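Following: one structure in structure tokens, then a few remarks.
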Amino acid sequence: GQVLTSTGAGSPPAFQAAGKLLKATSLVNTTRAALSTSADYWLSFGTVSKISATSSLIVSSSVSGFNNYSGVTGMGIRIDSTYRYGTYTYSAASNANRSWSGQFDFGTMGGSGTKTVYWGWKPANGVASKPWLILNPTASDDDRYQSTRSTITVWEVEA
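Numbering (the numbering used here), first residue to last: 30 to 188.
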């Protein structure tokens, strides 16, 4: 396919070759869990099989939490030993529900093959922390809750 692109102010638009989606994988965690206090914590969501050595991995995530613990933890996504960090909004309300989302470009990741995908945190100052007390809250945390889930979606795209 092709996409219409801008060639600059005062110039007509031009068509260029578009990239393509090779594969999309959703990794879902539905387990309610008490999070440990740690200076380096990574929970595996599963693996993806990258099929092309020249493609890039683009990641989108939505992670559910309950009962705030720390305002800053260095939360992010990790694929194998490559880390990408984002920020999240902290609320001083002790029973606040939090949802963290992040979108990251991991590039080619050194080629094709099986890659392990993690969600977690690693504060830059090395102090033990955690974003919330609970991952994937349920009615046992607040009887108004339905069961929640956390999802990391990985798109393999070729330029």
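Using N, Cα and C, we set each Cβ at its ideal position, and we do this for glycine too. Since the structure is predicted, the reported quantities are computational estimates derived from the model, not experimental observations.
Three-state class that DSSP yields for residue i in the structure shown
i    : result
V88  : strand
R173 : coil
L64  : coil
T111 : strand
K151 : coil
I80  : coil
V101 : coil
Y70  : strand
K159 : coil
R127 : strand
F135 : coil
Residue i versus residue j: straight-line alpha-carbon distance, rounded
i    : j    : result
S73  : A153 : 21 Å
V101 : R178 : 22 Å
I80  : D171 : 42 Å
F95  : S40  : 51 Å
R61  : W129 : 16 Å
E189 : T59  : Outside the modelled stretch of the chain, which goes from 30 to 188, sits residue 189, for which no answer is possible.
7 Å CB neighbourhood of residue i in its chain, flanking five on each side removed
i   : result
Y89 : At residue 89 the sequence reads Ser, which differs from the Tyr that was named. The answer, listed in chain order, is Q132 and T182.
T66 : A157, S158 and K159
T36 : P42 and A43
Chain-order list of residues whose beta-carbon lies under 6 Å from that of residue i (same chain, five-residue window excluded)
i    : result
Y174 : P166, T167 and A168
D69  : K151
R113 : G105, I106 and F133
Other residues of its chain near residue i: CB distance less than 8 Å, five sequence neighbours each side excluded
i    : result
T145 : S73, G75, T76, I108 and D109
Y98  : L64, T66, S158, K159, P160, W161 and L162
Segment contact flag, the region 146–157 with the region 36–51, C-beta cutoff 8 Å, min 3 pairs: no
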